[in-house]
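Participant: Numbered by the UniProt record's numbering, the letters in the sequence shown go through residues 1 to 659 in order.
All residues carry an ideal CB built from backbone N, CA and C; glycine is no exception.
Every value quoted in this text rests on a predicted model; they were computed, and no experiment measured them.
Got a structure here, written out as C-alpha cells. Questions coming.
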Amino acid sequence: MTKTKLTSDSLHNKNCFLYLRNLKLTDTVLVHFSPSLANKLKNIRAQSEYNCNFAYADVYTDFFTEVEGNIEAIYDKPRSESLLKTDAKVNDYDDFVFSVYHNDNTILEETFKAIKAIPLNHTLTDTEIQKSISSALADKGNKVNKRTLSPAEAGSMLGRFTAMIADDFKPQHTTSLATVRKYNYISKAPQFYPQEYRFGTQAQRAQGIERVSPFFERWLQVKHERANDKSKILHIYFNNLGLDRTDTEGKKERALTKALHKLEDNHPNIVVITLPADKGLMSGTQYRKTKDRISAIAIYDEFLKIAQQNPDAESEVRDFYISDKARQLIFRDEFDNYNDIEEKKQLEQLLKNSFKALGFENKSLLSSAQRQALWFHFIKFELTNHVIQKLQPESINFSCKDAIDRGGVSSAYFNLLKSFKTDTPMNREEFECALHAAPAMVKARGMNHHLKTLWNAVDAYINAHYEDLQNNKDKAWLIEWRDYNCPHSRIHDLLDLRVEQSIRELLAAKSNHKNNHYSDETAIDVSLRILEQIRLQKNMGCSGKRLLLEAAVRTTGVTLNPDTANLKTYEVLADKLAIHSPTLQKLAGIMKMLAGIILYPLSLGHSKAWINSGIATYKAGVESSQRKEIQHAMKEKLHSLKENSDPEESIETDAQAFH
Numbered sequence: 001m002t003k004t005k006l007t008s009d010s011l012h013n014k015n016c017f018l019y020l021r022n023l024k025l026t027d028t029v030l031v032h033f034s035p036s037l038a039n040k041l042k043n044i045r046a047q048s049e050y051n052c053n054f055a056y057a058d059v060y061t062d063f064f065t066e067v068e069g070n071i072e073a074i075y076d077k078p079r080s081e082s083l084l085k086t087d088a089k090v091n092d093y094d095d096f097v098f099s100v101y102h103n104d105n106t107i108l109e110e111t112f113k114a115i116k117a118i119p120l121n122h123t124l125t126d127t128e129i130q131k132s133i134s135s136a137l138a139d140k141g142n143k144v145n146k147r148t149l150s151p152a153e154a155g156s157m158l159g160r161f162t163a164m165i166a167d168d169f170k171p172q173h174t175t176s177l178a179t180v181r182k183y184n185y186i187s188k189a190p191q192f193y194p195q196e197y198r199f200g201t202q203a204q205r206a207q208g209i210e211r212v213s214p215f216f217e218r219w220l221q222v223k224h225e226r227a228n229d230k231s232k233i234l235h236i237y238f239n240n241l242g243l244d245r246t247d248t249e250g251k252k253e254r255a256l257t258k259a260l261h262k263l264e265d266n267h268p269n270i271v272v273i274t275l276p277a278d279k280g281l282m283s284g285t286q287y288r289k290t291k292d293r294i295s296a297i298a299i300y301d302e303f304l305k306i307a308q309q310n311p312d313a314e315s316e317v318r319d320f321y322i323s324d325k326a327r328q329l330i331f332r333d334e335f336d337n338y339n340d341i342e343e344k345k346q347l348e349q350l351l352k353n354s355f356k357a358l359g360f361e362n363k364s365l366l367s368s369a370q371r372q373a374l375w376f377h378f379i380k381f382e383l384t385n386h387v388i389q390k391l392q393p394e395s396i397n398f399s400c401k402d403a404i405d406r407g408g409v410s411s412a413y414f415n416l417l418k419s420f421k422t423d424t425p426m427n428r429e430e431f432e433c434a435l436h437a438a439p440a441m442v443k444a445r446g447m448n449h450h451l452k453t454l455w456n457a458v459d460a461y462i463n464a465h466y467e468d469l470q471n472n473k474d475k476a477w478l479i480e481w482r483d484y485n486c487p488h489s490r491i492h493d494l495l496d497l498r499v500e501q502s503i504r505e506l507l508a509a510k511s512n513h514k515n516n517h518y519s520d521e522t523a524i525d526v527s528l529r530i531l532e533q534i535r536l537q538k539n540m541g542c543s544g545k546r547l548l549l550e551a552a553v554r555t556t557g558v559t560l561n562p563d564t565a566n567l568k569t570y571e572v573l574a575d576k577l578a579i580h581s582p583t584l585q586k587l588a589g590i591m592k593m594l595a596g597i598i599l600y601p602l603s604l605g606h607s608k609a610w611i612n613s614g615i616a617t618y619k620a621g622v623e624s625s626q627r628k629e630i631q632h633a634m635k636e637k638l639h640s641l642k643e644n645s646d647p648e649e650s651i652e653t654d655a656q657a658f659h
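Have a look at this one:
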C-alpha cells in the first residue's frame, strides 16, 4: 500500500487533534457551547485514535472563534454563578481555561518526527533547512480542512502579508497552537524550573484595535486564584516583538507590544519584558561583518545604557523595556532593597559575565559580528537567566508573533546554555527540535534567517570553550552543528580555523596514539596530508569552500572515530569534490585512499577497492593538474610570441623547455 505523502495540512490536522483531545472539556463546560461545536468536540473526545479524514483544524478554528468571541457567556457568567453557590463546577471552568495554554499535547515532538531527518543530516552543500522542510511539507492534492489556513498557506508571502495588514490578527486561531516545551535537563533536575510554554503572541488586533487575548487574561486570573502566594510573580512573558521600529510592520508590532505591556496594570502576577530580537544591534546582516573594529569599552557602555533604558543610548532601535514595577522586583540587593545603584551594579556584572562567556574579556576591539554575539548572549542568556532566578515564576514564555523564529532562538539558546551547566546537557536532536519543530508546525518551514543570528552567538561560544566542548562526549555535537550550519559568508574564516584545529588534534593523537582507541599512524599521516591539501586549495582561491570545510571536519572525524556509516558518507563527499572541480581530484583521491585504509581492518581487506578507486582519482587529478600547467605555459608563450621580435628563437626555446 502506498504511503500518503505528508503535507502541512495533514500535519496540522493531526496536531489539532492532539490539542483538542487535551482540552479539559467536561459536560459542565460544553453545555455553554453551540450544539454544533459541542457535538464535534464530543465526537473528538470519544475517538480512540486519529482519523485522517476528519477536519480537526476546522474544528480548532471554530473553537477559538466561538469561545473567545463569547467568553463572557461561556466562562465568566457561569463561573460566577457557580462561585456564588460554592459549586465544585468552578474547577471545571478553571481547568478548561488553564488547558488552553497548559496543553500537554506533544505536538512539537510529533512534528519533529516528521522532519527530523532534514536538520539532523544537513550538510554545508545542502539546500537551506528552511526551504528543505518547506518542500517536504508542501500541500498537494485536496486539503482535509476547507475553512482554515494550512501552515504552508500561513507561511506563504500572501499569508504573511495578509496577517500584517489585516484588521483581525489572531494567530492562535489558525496554526499557532499552544503547547508545553519539554527539555530533558529539566525533567531530570532535582530543583524546580519554571514551566515553559510555547504560544504565539497574546496581543491581537480585533477589528483594528489592539488588545490582549481574552483567553490569556482569564488564564492569568486562574493562575492568580490558584496561587498560594498571591503577591508572587507567577508568569514572565518575554516579548520579542518590536518596540522602536518606524517601518509599517514595525509600527504594527509596536502597537501589539504596548498592549502586552498593559497586562501588568491589570494583572499583578505577570511581568512583560520586551527584549531585542531583530533590527538594530540584532540586525540580520551583522553576523557577516567580521573585519571592522569597534571599541569594546564603547560597546560595553552602549549596552549598559540600553539596559538601563537611558535615552542617551545611540542605537535608534533598542526594543528594550522593563517596567519600573519589574525592575524594583528584579534588581534588589541582599537586603531586599532596590535602588538605581544596585540595578547598575547587577547589570554591569551580567555584562562582564557575557564578555567572559564569549572569551572577549581581554579584547579591546570587537567586530560587528562579535558585538552582536555579545548582545545576543547578554539578552538571551545572562539577563534572561537573572530575571528568572530573581523572580522564581511558575511559568515563562518567549514569544514574538508566532514564537517560531525570534522566540524560537530565545528558547533554544537559553535552554542550551542552561542545560550545559547541568549533568544532562541538551543533545543534538533536542536542539534541532527546539529550532525547527515550531516553524514547521506553524508555517511549514524550518527556522528563517534568525538561525544565522543564533549561529553567530554559538560560534563565539564554541571558540571560547572549544577544548571543554571537544573533550566532552555529550557536548561535542555542538561543534559539528556549528560547522555544518555555517553561513556562506563565514565559510572562509571558519575553514582556516577548522583546518588548524584539525591538524593540532591529529598531531596530538599521533603523539599519544598508544592511548588512543584507534592507533593507525598511517591513517593519521594521510589525514594530515589531506588537511595540507585543503589549506593549499583554499589559499589558491579554489571554489567549493563549503566542500573543503566539510572535508576538513569529516577527515578528523573518520580518522579518530571511524565507523562504516561515516566512512561511506566520507566517500560520497570525495566524489562530490571530484565532480565539483578537476583541481580537487587529487584531494578526492587521497580522501578515498584514507577511507580504504581506515576500513581495511574493519572489513577484513574488502575495502581494497576504495583504495584503488582513490589512487585512480588521484592520478586523474595529477593529469588534470599537469594539463592545466601545460595550458598555462602555452598561453604564456603565445603571449610572448605576439610581443617577441624573433618568433623562431622563442619557439625553439619553448620546445627545449617542454622536452
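Give the list of continuous beta strand (DSSP E) stretches no shorter than 3 residues that lie fully inside the stretch 198-248.
Facilitator: Those beta strand (DSSP E) runs which fall completely within the stretch 198-248 and span 3+ residues are 203-206, 209-212 and 235-239.
Participant: Tell me Ile270's beta-bridge partners as DSSP assigns them.
Facilitator: His235
Participant: My guess is that Ile71 and Pro268 are in contact by the Cβ rule of under 8 Å, so how many angstroms apart are they, rounded?
Facilitator: Actually they are not in contact, since the Cβ atoms of Ile71 and Pro268 sit about 21 Å apart, beyond 8 Å.
Participant: To the nearest angstrom, how far is the alpha carbon of Gln585 from that of Lys113?
Facilitator: 38 Å
Participant: Determine whether the beta carbon atoms of Leu451 and Leu469 lie at a separation below 8 Å.
Facilitator: Against a cut-off of 8 Å, the Cβ pair of Leu469 and Leu451 comes out as no contact.
Participant: Ser581 by DSSP, collapsed to three states: which one?
Facilitator: When DSSP states are grouped into helix, strand and coil, Ser581 belongs to the coil group.
Participant: Determine, using beta carbons only, whether Pro425 and Asp474 come nearer to each other than 8 Å.
Facilitator: yes
Participant: Answer with buried or exposed for Lys5, where buried requires no fewer than 16 other C-beta atoms within 10 angstroms of its C-beta.
Facilitator: exposed
Participant: Just list the residues that DSSP pairs Asn397 with in beta bridges.
Facilitator: Tyr197 and Tyr237
Participant: Taking a contact to mean a Cβ-Cβ separation below 8 Å, would you say residue 704 touches Gln372 in this structure?
Facilitator: Only positions 1 to 659 of the chain appear in the structure, and residue 704 is not among them; the question remains open.
Participant: Write down the C-beta distance between Leu560 and Ala509 rounded to the nearest angstrom, noting that I regard them as a contact closer than 8 Å.
Facilitator: 6 Å
Participant: Find the nearest neighbour of Lys143 within the set Tyr466, Phe169, Ser8 and Asn339, judged by alpha-carbon distance.
Facilitator: Ser8
Participant: Whose CA, out of Ser231, Leu260 and Gly557, lies closest to the CA of Thr201?
Facilitator: Closest by C-alpha distance to Thr201, out of Ser231, Leu260 and Gly557, is Leu260.
Participant: Measuring only the C-alpha atoms, how far is Pro171 from Ser581?
Facilitator: 48 Å
Participant: Using a Cβ-Cβ cut-off of 8 Å, state whether Leu560 counts as contacting chain C.
Facilitator: The displayed structure is made up of one protein chain only, and chain C is not part of it.
Participant: The alpha helix (DSSP H) spanning Gly557 covers which residue range?
Facilitator: Lys545 to Leu560
Participant: Cβ of Arg529 within 8 Å of Cβ of Leu124?
Facilitator: no
Participant: In whole angstroms, what is the alpha-carbon distance linking Glu467 and Ala189?
Facilitator: Distance between the alpha carbons of Glu467 and Ala189 is about 26 Å.
Participant: Nearest-angstrom Cα distance between Asn228 and Ala178?
Facilitator: 25 Å
Participant: From which residue to which residue does the alpha helix (DSSP H) around Leu488 run?
Facilitator: Residue identity differs from the one stated: residue 488 is His in this sequence, not Leu. Counting along the chain, His488 falls outside any alpha helix (DSSP H), and DSSP gives it neither H nor E.
Participant: Could you say which of Val526, Lys116 and Lys443 lies nearest to Ser156 if we only look at CA atoms?
Facilitator: Lys443
Participant: By how many angstroms is the C-alpha of Val499 removed from the C-alpha of Gly589?
Facilitator: 19 Å
Participant: Note down, one range per segment and in chain order, each alpha helix (DSSP H) of at least 4 residues found wholly within the stretch 353-404.
Facilitator: 368-377 and 384-391
Participant: Could you name each continuous alpha helix (DSSP H) segment of 4 residues or more that falls completely within the stretch 255-303, going from the start of the chain to the end?
Facilitator: 263-266
Participant: Under the three-state reduction of DSSP, which class applies to Phe420: helix, strand or coil?
Facilitator: coil
Participant: Compare the beta carbon distance of Asp95 and Lys42 with 8 Å and say whether it is the shorter of the two.
Facilitator: no
Participant: To the nearest angstrom, report how far apart Glu480 and Ser187 are at their CA atoms.
Facilitator: 26 Å
Participant: Express the C-alpha separation of Leu495 and Asp92 in angstroms, rounding to a whole number.
Facilitator: When rounded, the distance between both Cα atoms is 60 Å.
Participant: Spatial neighbours of Leu638 within its chain, please: C-beta separation below 6 Å, excluding the five flanking residues on both sides.
Facilitator: Low local confidence applies: a pLDDT of 37 at Leu638 is under 50, so the model's placement there is unreliable, with the coordinate-based value given in what follows. Excluding residues within five positions, none has a Cβ falling inside 6 Å.
Participant: Short of 6 Å in beta carbon distance, which residues of its chain neighbour Arg288, apart from the five on each side in sequence? Order them along the chain.
Facilitator: Ser489
Participant: In this structure, does DSSP put Thr174 in helix, strand or coil?
Facilitator: coil
Participant: To the nearest angstrom, report how far apart Arg181 and Val558 are at their CA atoms.
Facilitator: 35 Å
Participant: DSSP state of Val90, grouped into three classes?
Facilitator: helix
Participant: For the alpha helix (DSSP H) containing Lys5, name the first residue and the last one.
Facilitator: Taken as a continuous stretch (DSSP letters only), Lys5 belongs to no alpha helix (DSSP H), as it is neither H nor E.
Participant: I think Ser367 touches Lys279, with their Cβ atoms under 8 Å apart; what is that distance to the nearest whole Å?
Facilitator: Contact between Ser367 and Lys279 fails: their C-beta atoms lie close to 19 Å from each other, not under 8 Å.
Participant: Among the candidates Phe17, Val553, Thr65 and Glu49, whose CA atom is the shortest distance from the CA of Phe33?
Facilitator: That would be Thr65, whose Cα lies nearest to the Cα of Phe33.
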